[in-house]
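Quick notes on the structure that follows.
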Amino acid sequence: MAKIQGTIPLSGKLAPTDDQDNFAITEDTYNQGGHRTVGTIAERNNIPTERKKEGMLVFVISDSVTYQLINGFWEVFAGSSGAGDKHETHEQNVAESTWNIQHNLGKFPSVAVIDSGGSNVEGEIIYVDANNIQLIFSASFTGKAYMN
456 MAKIQGTIPL
466 SGKLAPTDDQ
476 DNFAITEDTY
486 NQGGHRTVGT
496 IAERNNIPTE
506 RKKEGMLVFV
516 ISDSVTYQLI
526 NGFWEVFAGS
536 SGAGDKHETH
546 EQNVAESTWN
556 IQHNLGKFPS
566 VAVIDSGGSN
576 VEGEIIYVDA
586 NNIQLIFSAS
596 FTGKAYMN
């Protein structure tokens with residue numbers, strides 16, 4: 456097996472130091488490619504070249520649209536059907552550590568959660584069925600869940 460230069464070898468999964476550790480083990484801001492969430496079009500446009508990858512997806516909160524990087528340009532991501540995709544925003548106004556959301560999208564959506572201070576929040580997503588999810592967090596807070 457050939458070694459990959461310029462990398463840190465891992466022999467296990469990335470994990471926090473213990474099950475009470477609330478710190479994320481990765482931040483989408485620092486990944487190359489993949490999927491990330493930003494607040495505005497300006498933030499999307501300012502993603503450094505070194506962190507861009509052809510085909511990557513970026514969800515922009517201010518306009519509730521997912522964009523895909525195609526041939527170096529951002530295009531509205533239409534999904535595999537070629538049509539606009541369904542999305543839903545849930546506003547959690549009462550601080551809870553478990554959010555039960557009926558989104559009625561008829562699918563198992565990707566979910567991004569932002570707290571009332573504007574920070575990304577990681578939690579467990581339980582897909583109850585194609586129209587309902589349960590989000591479980593380590594602490595109670597208010598914010599929004601964006602489902603796409």
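Residues 456 to 603 (this note's numbering) are what the sequence shown spells out, left to right. Think of the CB as a built atom: it goes at the ideal place given N, C-alpha and C, for glycine as much as any other residue. Small disclaimer: the values here were computed from a predicted structure and weren't measured.
Specify the secondary structure class of residue i as computed by DSSP and reduced to three states.
i      : result
SER574 : coil
SER519 : coil
ASP473 : coil
ALA533 : coil
ASN500 : helix
THR462 : coil
In whole angstroms, give me the CA-to-CA distance for residue i and residue j.
i      : j      : result
GLU546 : GLN523 : 26 Å
GLU505 : TYR582 : 34 Å
GLN512 : GLU579 : Strictly speaking, residue 512 in this sequence is Leu, with Gln absent from that position. Cα to Cα, the separation comes out at about 21 Å.
GLN475 : LEU469 : 15 Å
HIS542 : GLN460 : 41 Å
ASN559 : THR544 : 11 Å
ALA457 : THR472 : 30 Å
ILE556 : PRO564 : 12 Å
LYS463 : ILE502 : The identity of residue 463 in the sequence shown is Ile, whereas the question assumes Lys. ILE463 and ILE502: Cα-Cα distance of roughly 24 Å.
ILE525 : ASN486 : 18 Å
According to the Cβ coordinates, are residue i and residue j closer than 8 Å?
i      : j      : result
PHE592 : VAL576 : yes
ASP518 : ASN603 : no
ALA600 : VAL549 : no
PHE528 : THR521 : no
GLY561 : ALA594 : no
GLY572 : GLY494 : no
Could you name the residues of the same chain whose beta carbon sits closer than 8 Å to that of residue i, not counting the 5 residues immediately before and after it, in chain order?
i      : result
GLY489 : ASP483, LYS508, MET511 and LEU512
ILE496 : VAL515, SER517 and ASP518
With a CB to CB cut of under 6 Å and the five nearest residues on each side skipped, what residues in its chain are close to residue i?
i      : result
ASN477 : SER593
Can you list, in chain order, the residues of its chain with a C-beta nearer than 7 Å to that of residue i? Leave out the 5 residues immediately preceding and following it.
i      : result
THR492 : ASP483, PHE514, ILE516, ALA567 and ASN575
ILE499 : Residue 499 is actually Arg in this sequence, not Ile. Once the five neighbours on either side are set aside, the close Cβ partners of ARG499 are VAL493, VAL513, VAL515, TYR522 and TRP529.
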